[in-house]
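According to the working numbering, the sequence shown is numbered sequentially starting from 16.
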Amino acid sequence: MSENYTALYEQHKKAGASFTDFGGWQMPLKYESELAEHHAVRKSAGLFDLSHMGEIWVSGPEAAAFLDYALVGKLSAVAVGKAKYSLICNTDGGIIDDLISYRRPAPEEGIDKYLVVPNAGNAKVVAAALLERAAGFDVVVEDASAETSLIAVQGPNAEAILLKLVPAEQHALVTELKYYAAVEVSINGQDLLLARTGYTGEDGFEIYIPNVDAAGLWEALLEAGEGHGLIPAGLAARDSLRLEAGMPLYGNELSRHVNAYAAGLGPVVSLAKESDFIGRDALTAIKAAGVGSTLGQKLVGLKGAGRRAARAHYSVLKDGSLIGEVTSGQPSPTLGYPIALAYVDVEHSEPGTIVDVDLRGKAEPFEVVGLPFYKRVK
Numbered sequence: 016m017s018e019n020y021t022a023l024y025e026q027h028k029k030a031g032a033s034f035t036d037f038g039g040w041q042m043p044l045k046y047e048s049e050l051a052e053h054h055a056v057r058k059s060a061g062l063f064d065l066s067h068m069g070e071i072w073v074s075g076p077e078a079a080a081f082l083d084y085a086l087v088g089k090l091s092a093v094a095v096g097k098a099k100y101s102l103i104c105n106t107d108g109g110i111i112d113d114l115i116s117y118r119r120p121a122p123e124e125g126i127d128k129y130l131v132v133p134n135a136g137n138a139k140v141v142a143a144a145l146l147e148r149a150a151g152f153d154v155v156v157e158d159a160s161a162e163t164s165l166i167a168v169q170g171p172n173a174e175a176i177l178l179k180l181v182p183a184e185q186h187a188l189v190t191e192l193k194y195y196a197a198v199e200v201s202i203n204g205q206d207l208l209l210a211r212t213g214y215t216g217e218d219g220f221e222i223y224i225p226n227v228d229a230a231g232l233w234e235a236l237l238e239a240g241e242g243h244g245l246i247p248a249g250l251a252a253r254d255s256l257r258l259e260a261g262m263p264l265y266g267n268e269l270s271r272h273v274n275a276y277a278a279g280l281g282p283v284v285s286l287a288k289e290s291d292f293i294g295r296d297a298l299t300a301i302k303a304a305g306v307g308s309t310l311g312q313k314l315v316g317l318k319g320a321g322r323r324a325a326r327a328h329y330s331v332l333k334d335g336s337l338i339g340e341v342t343s344g345q346p347s348p349t350l351g352y353p354i355a356l357a358y359v360d361v362e363h364s365e366p367g368t369i370v371d372v373d374l375r376g377k378a379e380p381f382e383v384v385g386l387p388f389y390k391r392v393k
């Protein structure tokens, strides 16, 4: 049993959630049906507790320059109010974590301010790495993870639900908010940070709130979602949704043994930025070599020809020879056929390539396809 509980644990218990350990936290796996929760997000809306994620504030005169050095992206180029997906890497290019950074308005002249959001199991590791890398920079790194909750409303009805809680004079702040952007609005009478981001492949929002106020917001959102099909959703639905959207999960597709180019995240790396950054030399060499990784493998999508699903760690074969391994896989509730992510040898990574997956002793055909598997119609 893990020892960490979010501020919404009692709300989940009251709703009949089944719990699982995730990143050292007791999190709701599902409430009644993971399939119903998955379909609710695709067709109406789902409510997620993401309070296990980390929240690290970075501020100071050199905050932008510091993040340019600490992360592989060019965070100094992010406009105030916008967000950027990036990676924090080791010197060998291995991925410590993938994360989102929000550039916030300057608290005073000459001061830059960012909110960096790492994954649950990596929050303390990322905070420690940022503190270590901050040496020599005029910057303050503050880990606010323990005091902060994060609630997400995801799905086509997410905006309509939020508009029931946001004052009429602020409705335009919500409706005009672009993807990967954030704004402060009043929700349920409290000023909060609202981001148009998510991990489901649908439109949606993530709301940052102090732990002490999280339960009140959760209940207010559920009430506002009545008539809009909103139901609470757990990690099982979150995983099937992100897989359909082709989004990597740290610990499955991403790790310290994988680099950005192998994971299909090359565009995230800014080799063009003038400043140095940790992992630059290794990533430059990997890109120049023209292979996905030192093992010559690349992350691909796989579409099953039959009904049986591939699962993590299943072997991928070509003409009976081992060419890779599945990292995530399950039947797609939306598409109606098995899907998977896998690392395979580069020479077998082109879309249209037919491979086999060893499904517990029986080879079943899968086709390499482009990602994402599912893309919402805007």
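Glycine is no exception: its CB is placed at the ideal position from the N, C-alpha and C atoms.
So, under 8 angstroms CB-CB, residue i and residue j are touching, yes? Tell me the CB distance rounded to an integer number of Å.
{"i": "K97", "j": "G88", "result": "So it is not a contact: roughly 12 angstroms between Cβ atoms."}
{"i": "A402", "j": "L90", "result": "No information on residue 402 is available, as it lies outside the stretch 16 to 393 that the chain covers here."}
{"i": "G319", "j": "Y352", "result": "6 angstroms"}
{"i": "L386", "j": "G316", "result": "5 angstroms"}
Count the other CB atoms, across all protein chains shown, that sit within 10 Å of the CB of residue i; report buried if there are 16 or more and exposed otherwise.
{"i": "R271", "result": "exposed"}
{"i": "A121", "result": "exposed"}
{"i": "I246", "result": "buried"}
{"i": "S59", "result": "buried"}
{"i": "S336", "result": "exposed"}
{"i": "G294", "result": "buried"}
{"i": "F108", "result": "As written in the sequence, residue 108 is Gly, which differs from the Phe given in the question. Buried, since its Cβ has 16 or more Cβ neighbours within 10 Å."}
{"i": "E184", "result": "exposed"}
{"i": "H27", "result": "buried"}
{"i": "S160", "result": "buried"}
{"i": "A325", "result": "buried"}
{"i": "P76", "result": "exposed"}
Taking 8 angstroms as the cut-off, decide whether the C-beta atoms of residue i and residue j are in contact.
{"i": "N172", "j": "G69", "result": "no"}
{"i": "V181", "j": "V189", "result": "yes"}
{"i": "A22", "j": "N226", "result": "yes"}
{"i": "L236", "j": "Y223", "result": "no"}
{"i": "Y389", "j": "A260", "result": "yes"}
{"i": "E268", "j": "T368", "result": "no"}
{"i": "I166", "j": "A229", "result": "yes"}
{"i": "S255", "j": "P348", "result": "yes"}
{"i": "G170", "j": "G219", "result": "yes"}
{"i": "V131", "j": "I71", "result": "yes"}
Can you tell me whether DSSP reads residue i as helix, strand or coil?
{"i": "P282", "result": "helix"}
{"i": "L386", "result": "coil"}
{"i": "G376", "result": "coil"}
{"i": "M16", "result": "In this prediction, M16 has a pLDDT of 48, which is less than 50 and means its spatial position is unreliable; nothing more can be read from the coordinates."}
{"i": "R253", "result": "helix"}
{"i": "T106", "result": "coil"}
{"i": "A357", "result": "strand"}
{"i": "I402", "result": "No information on residue 402 is available, as it lies outside the stretch 16 to 393 that the chain covers here."}
{"i": "K193", "result": "coil"}
{"i": "Y24", "result": "helix"}
{"i": "L264", "result": "coil"}
{"i": "E420", "result": "Any answer about residue 420 is impossible in this case: the structure gives the chain only from 16 up to 393."}
{"i": "D296", "result": "helix"}
{"i": "L232", "result": "helix"}
{"i": "A239", "result": "helix"}
{"i": "E199", "result": "strand"}
{"i": "E124", "result": "coil"}
{"i": "E340", "result": "strand"}
Can a CB atom of chain D be found closer than 8 angstroms to the CB of residue i?
{"i": "G242", "result": "Annotation note: the requested chain D is absent from the structure, which comprises a single protein chain."}
Practice task
Quick one: which unbroken beta strand (DSSP E) runs of 3-plus residues sit fully inside the stretch 48–97? Chain order, please.
Solution key: The qualifying runs are 60–64 and 71–75.
Practice task
Go through the stretch 130–194 residue by residue and report every complete run of the beta strand (DSSP E) that reaches 3 residues or more, in order.
Solution key: Within the stretch 130–194, the complete beta strand (DSSP E) runs of at least 3 residues are 155–158 and 163–169.
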